[in-house]
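Quick notes on the structure that follows.
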Amino acid sequence: MSDLVVECPVRLTESNRDELRLLYADLRDHYARRDARNGTRTTLHFLWTGVLDDELFGATYADQRHVFAGSRPVMNSLRDPEGLQETNRWLSAPAQQNGASLRT
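The opening residue of the sequence shown carries number 532 in the numbering used here; numbering runs sequentially from there.
Here it is in structure tokens:
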């Protein structure tokens, strides 16, 4: 099985959290079908732009964990003007109960 990474540029605002929840579900379903058909395992890499409010990001991260529920690897990074800054650790919730990586 080959591994693929798909970058998903996104911007989080108070008004688009519901839309993002729908996007997560659409991406989950699409890549589940595609991966099953092609024998791949796709990681979704969300590249966040703009200023991230900690509380709002915590809520959308919880949405990600609920929607994807370990169905595929998910990464989160913050894109800043000076390049890509890996932020998965400080943006992520505590480690999962089974000790899995924060890259759910």
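Note that the Cβ used here is the ideal one computed from N, Cα and C, for glycine as well.
Between Phe599 and the set Arg542, Arg548, Pro540, Arg559, the nearest pair of CA atoms involves Arg559. Excluding the 5 residues flanking it on each side, Pro540 has same chain C-beta neighbours closer than 7 Å at Leu578, Thr580, in chain order. For the set Arg596, Ala556, Asp566, Arg603, the Cα lying nearest the Cα of Leu575 is the one of Arg603. One thing to note: Thr591 has its Cβ no nearer than 7 Å to the Cβ of Leu554. For Thr591, no beta strand (DSSP E) segment is defined; the enclosing uninterrupted segment is the alpha helix (DSSP H) at 585-599. With a beta-carbon spacing of about 18 Å, Leu609 and Glu545 fall beyond the 8 Å limit used to define contacts.
Checking the DSSP bridge columns, you'll see His576 partnered with Glu538, Met606. The beta-bridge partner set that DSSP reports for Ser533 consists of Thr571. Non-local C-beta neighbours of Tyr562 in its own chain, meaning closer than 8 Å and more than five positions away in sequence, comprise Val537, Thr573, Leu575, Arg603, ordered along the chain.
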